[in-house]
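Below is one structure, written out as structure tokens, with a few remarks after it.
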Amino acid sequence: MSTQIITIIIIVLALALLLWIFFSSIAIIHTGEVGIVERLGVYVRTLQPGFHMVMPIIYRITEVVNMKQIPMRVAEQEVITKDNVVVKISETLKYHITDVNAYVYKNKDSVTSMVQDTRAALRGIIGNMDLNDVLNGTEAINRSLFEQLSEVTAGYGLNVDRANIDSVEVDQEIQESMNKLLRASREKEANIMQADGLKQAAIAKAEGGKQSAILEAEGNKQTQILEAEGRAQSQRLLYESIRDQINSVNEALTKDSNAYLQYKNLEAMEKLAEGQNNTIVMPSASLDRLGDIPAAKKLWDSTGDAPKKI
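Position in the sequence shown (first residue = 1) + 548 = the numbering used here.
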């Protein structure tokens, strides 16, 4: 009876050992991860995502490595700028593992090494920059830091995808001084803009006065031109009228010069008769010609007062 019990115990232990070996051999690697397999402490292979059977005791999965991109916040550090101002820098990194063997076996702690290199590189970059350049040039700092880390961390089996400066803080007294300078600069810009506005307004006013004066002068000029043209036109018309009269007289003289002279003599006599002196002295030849005029002859015949010859 005791032999049967011992046999059953042995069988149960054997089955338990087999079950343990079976379940211990099962390994499931999730997506985005890989498994490091060692045989008696020596690296054998890397397990990709999926179901695997690994013989226990001799083989062992020593580490499961995450291959996804990993964000990391670097502890805040104090850095001295080129102009001897202490600033506090806060930054973040994003990285992923590219070489599992180098990451696990070529460096004791690749992430810590990456952080140390990041802090050292940041001190070197900011140490060559003035405070204003640091405050206004975070993008340039990010690019320079990324380039330096990309070269260094490749040996750690890592790749830095992004380095980003989150904040830059300065001492409270320095911050107050910067605020005063900023306010003074803004007031200066406001005064410059106001002065420029007044200058532009004065220029516009002067230009307006200039244009007004030009338009007024142009108007006066046009008025004078029109008046001069009017006077010239009037004088031209007067000249043409006089010319026409002269032409008419010349034409009349050409046709009957004696009748015209007789008419002018009568006109002269009429004007003289209007005066107080009614005695007219004329040459006898002129009196003879007056008698040839029908109107004069008729007048003398009706009055009986013919001109007397001297």
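Ideal placement from N, C-alpha and C gives every residue a C-beta, glycine not left out. Keep in mind it's a predicted model, so treat the numbers as computed, not measured.
**Item:** Nonlocal neighbours in the same chain, by C-beta distance under 6 Å from V700, ignoring five residues either side
**Value:** Around V700: D665.
**Message:** Quick check: V634 and D719, are their CB atoms within less than 8 Å of each other?
**Reply:** Yes, Cβ-Cβ distance for V634 and D719 is below 8 Å.
**3-residue-minimum beta strand (DSSP E) runs that sit fully inside the stretch 595–630, ordered along the chain** = Runs of the beta strand (DSSP E) inside the stretch 595–630: 598–601, 607–614, 618–628.
**Item:** Neighbourhood of K856 by C-beta distance below 8 Å, restricted to the same chain and skipping five residues each side
**Value:** Caution is warranted here: a pLDDT of 49 is assigned to K856, below 50, making its placement in the model unreliable, and the coordinate value is therefore given only provisionally. Around K856: no qualifying Cβ.
**Item:** Beta-carbon proximity list for S638, same chain, < 7 Å, skipping 5 on both sides
**Value:** Taken in chain order, the residues that qualify are E624, D714, S715.
**Message:** Counting C-beta neighbours from all protein chains within 10 Å, is the total for I557 16 or more, i.e. buried, or is it exposed?
**Reply:** With fewer than 16 other Cβ atoms inside 10 Å of its own Cβ, I557 counts as exposed.
**Prompt:** Counting only runs that start and end within the stretch 699–777, where is the beta strand (DSSP E) found for 3 or more residues in a row?
**Reply:** Secondary structure in the stretch 699–777: the beta strand (DSSP E) runs of 3 residues or longer, each lying completely within the stretch, are 706–718 in chain order.
**Asked** With a cut-off of 8 Å, do at least 3 Cβ pairs link the stretch 650–668 to the stretch 685–692?
**Response** No contact exists between the stretch 650–668 and the stretch 685–692.
**Prompt:** What is the rounded straight-line gap between the Cα of R710 and the Cα of I606?
**Reply:** If you draw a straight line from the Cα of R710 to the Cα of I606, it is about 41 Å long.
**Item:** Whole alpha helix (DSSP H) elements within the stretch 625–702, 4-residue minimum
**Value:** List check, alpha helix (DSSP H) in window: 648–653, 658–675, 679–684, 686–701.
**Asked** Who are the Cβ neighbours of L588 in its own chain at under 7 Å, not counting the five residues just before and after it?
**Response** The answer, listed in chain order, is I606.
**Message:** Check for me: the alpha helix (DSSP H) holding L565 runs from which residue to which?
**Reply:** 550–573 is the span of the alpha helix (DSSP H), which, as asked, contains L565.
**Message:** Distance check for V590 and K938, CA to CA, integer angstroms please.
**Reply:** In this structure the chain extends from 549 to 858, so residue 938 is not present and cannot be described.
**Item:** Proximity below 8 Å, CB of I877 to CB of P597
**Value:** Residue 877 is absent from the structure shown; the chain starts at 549 and stops at 858.
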